[in-house]
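Every position in the sequence shown, counted from 1, becomes a number in this note's numbering once 344 is added. Glycine included, each C-beta is placed from N, C-alpha and C at the ideal position. Small disclaimer: the values here were computed from a predicted structure and weren't measured. Single-structure report; data block below.
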Amino acid sequence: MPLTGPKEMFARAYKEGYAVGAFNVNNMEIVQGIVAAGAEEQSPLILQVSAGARKYAGQPYIVKLIEAALQESDLPIVLHLDHGGDFQICKDCIDGGFTSVMFDGSHLPYEENIAITRQVVEYARPRGVWVEAELGRLAGVEDEVSAEKSIYTDPEQAADFVRRSGCDSLAVAIGTSHGAYKFTGEAKLDFARLEKIGRLLPGFPLVLHGASSVPQEFVAMANQHGGKVGGAKGVPEDLLRKAAGMAVCKINIDTDIRLAMTAHIRKFFTEKPAEFDPRGYLGPARQAVKDMVKHKIRNVLGCSGKA
Ligand code: G3H
Ligand code: 13P
Ligand code: ZN
Numbered sequence: 345m346p347l348t349g350p351k352e353m354f355a356r357a358y359k360e361g362y363a364v365g366a367f368n369v370n371n372m373e374i375v376q377g378i379v380a381a382g383a384e385e386q387s388p389l390i391l392q393v394s395a396g397a398r399k400y401a402g403q404p405y406i407v408k409l410i411e412a413a414l415q416e417s418d419l420p421i422v423l424h425l426d427h428g429g430d431f432q433i434c435k436d437c438i439d440g441g442f443t444s445v446m447f448d449g450s451h452l453p454y455e456e457n458i459a460i461t462r463q464v465v466e467y468a469r470p471r472g473v474w475v476e477a478e479l480g481r482l483a484g485v486e487d488e489v490s491a492e493k494s495i496y497t498d499p500e501q502a503a504d505f506v507r508r509s510g511c512d513s514l515a516v517a518i519g520t521s522h523g524a525y526k527f528t529g530e531a532k533l534d535f536a537r538l539e540k541i542g543r544l545l546p547g548f549p550l551v552l553h554g555a556s557s558v559p560q561e562f563v564a565m566a567n568q569h570g571g572k573v574g575g576a577k578g579v580p581e582d583l584l585r586k587a588a589g590m591a592v593c594k595i596n597i598d599t600d601i602r603l604a605m606t607a608h609i610r611k612f613f614t615e616k617p618a619e620f621d622p623r624g625y626l627g628p629a630r631q632a633v634k635d636m637v638k639h640k641i642r643n644v645l646g647c648s649g650k651a
């Protein structure tokens, strides 16, 4: 099965009130864990690659891993660039076979964000590639993009941005943030704002970044085995489900993959200190990714059986 684009995937998700998971991939075990979960749940998948992942693994390796996954499965799979920082990286990924790219100009002045998003759209559209843009700023650290505190997306500006930039989907800031420390007090998302953005952009797919839920079982497991991730807190699953039932068609998850793998690797090392075969600890880490992704697909995103 060849790679697919997000168009039909998002149209159906929008109509039927669920979201597709966009999972960050950095190595073989992560790709295998996600794709195995997708296959058991018969779910569409978005595998996304950050600039950091391209640097770590090398684009050709990541693309080949995903080609291998496609050979093994008949699932609809999108290959997406996560947080492209300039036109060049978007172009390189489009030329390299990605079916979707994000240009993240959220840190730029408004007009500049529109202009570069437009430039990416003009390159991507004739080549059949989808373009995600971002307006508003998430708190926390993004890849090569950092924002000390979030600036929520203005609904009227979002509608103007989409019209003038021509982007295909838009990442919005409504209270999520990247990483494992999303909330110090009560976890809240601005659903009134999300509803208004959705109303001003009927039928248009929105994207939620920073949407890991930071499962406390992984935090506890990591900390029991020498980790120091105290106070980590994510977006509660019921809030993600609610967003998926609105105009949010793509939900980004990276931190939960990191936590699942690290917690299980830490546990492995305390229980089997004499082991040194990497397959010994990467195997359980891969299984943990699979189990976590299955849970998300089935109980949070609502995209089981939508392949
Ligand atoms: O939003 C950022 C993603 O979690 C990717 O993180 O740049 O460390 O690969 P990374
Ligand atoms: P998390 O850090 O919440 O997993 O967010 C990932 C993300 O938004 C990738 O673009
Ligand atoms: Zn992100």
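Beta-bridge pairing of residue i - partner residues as DSSP gives them
{"i": "A576", "result": "According to DSSP, A576 bridges with nothing at all."}
{"i": "S521", "result": "A483"}
{"i": "I495", "result": "R481"}
Extent of the continuous beta strand (DSSP E) run through residue i
{"i": "L552", "result": "550-552"}
{"i": "A515", "result": "513-516"}
Start-to-end residues for the alpha helix (DSSP H) that takes in residue i
{"i": "L538", "result": "535-544"}
{"i": "A632", "result": "622-639"}
{"i": "L367", "result": "Rather than Leu, the amino acid found at residue 367 in this sequence is Phe. Note, F367: premise wrong, no alpha helix (DSSP H); beta strand (DSSP E) at 364-368."}
{"i": "A502", "result": "499-509"}
{"i": "R356", "result": "350-360"}
Residue i CB to nearest heavy atom of the ligand 13P below 6 Å
{"i": "N599", "result": "Contrary to the premise, residue 599 reads as Thr rather than Asn in this sequence. At least one heavy atom of the ligand 13P is nearer than 6 Å to the Cβ of T599, so yes."}
{"i": "D426", "result": "yes"}
{"i": "G336", "result": "There is no way to answer for residue 336, as the model of the chain reaches only from 345 to 651."}
{"i": "H451", "result": "no"}
{"i": "G523", "result": "yes"}
{"i": "S331", "result": "Look at the range of the chain in this structure, 345 to 651, and you will see that residue 331 is not part of it."}
{"i": "S556", "result": "yes"}
Residue i beta carbon near the ligand ZN (any heavy atom closer than 6 Å)
{"i": "N596", "result": "yes"}
{"i": "H553", "result": "yes"}
The ligand G3H heavy atom lying under 6 Å from the CB of residue i
{"i": "A394", "result": "In the sequence as presented, Ala is not what sits at residue 394; that position holds Ser. The answer is yes for S394."}
{"i": "N371", "result": "no"}
{"i": "N368", "result": "yes"}
{"i": "A397", "result": "yes"}
Proximity test, residue i beta-carbon vs the ligand ADP heavy atom, cut-off 6 Å
{"i": "E476", "result": "Ligands present in the displayed structure are limited to the ligand G3H, the ligand 13P and the ligand ZN, and the ligand ADP is not among them."}
Inset, instruction - Quick one: which unbroken alpha helix (DSSP H) runs of 4-plus residues sit fully inside the segment 377-448? Chain order, please. - result: 395-401, 403-416, 431-439
Inset, instruction - Would you mind listing the beta strand (DSSP E) stretches within the segment 443-482 that are 3+ residues and don't spill past its ends, in chain order? - result: 444-447, 474-479
Inset, instruction - Identify every run of the alpha helix (DSSP H) within the segment 564-617, keeping only runs that are complete inside it and at least 4 residues long; order them along the chain. - result: 581-588, 599-615
Legend entry - Sufficient close CB pairs (3 or more, under 8 Å) joining the segment 459-468 to the segment 429-444: yes
Legend entry - Meets three-Cβ-pair contact criterion under 8 Å: the segment 614-626 and the segment 578-586: The answer is no - the segment 578-586 does not touch the segment 614-626, with fewer than three Cβ pairs under 8 Å.
Legend entry - Cβ contact (3+ pairs, closer than 8 Å) linking the segment 366-375 and the segment 390-397: Taking a contact to require three or more Cβ pairs closer than 8 Å, the segment 366-375 and the segment 390-397 qualify as touching.
Inset, instruction - Please confirm if the segment 563-577 is in contact with the segment 514-522, defined as three or more CB-CB distances below 8 Å between the two stretches. - result: no
Legend entry - Stretch-stretch touch, CB-based, cutoff 8 Å, three pairs: the segment 540-549 with the segment 622-629: no
Legend entry - Touching by the beta-carbon criterion (3+ pairs, under 8 Å), the segment 377-385 and the segment 633-640: In this structure the segment 377-385 touches the segment 633-640; the number of beta carbon pairs closer than 8 Å is three or more.
Legend entry - Given 8 Å, three or more beta-carbon pairs between the segment 394-405 and the segment 444-455: Touching, no.
Legend entry - Inter-stretch contact at 8 Å, needing at least 3 Cβ pairs: the segment 535-542 / the segment 571-580: no
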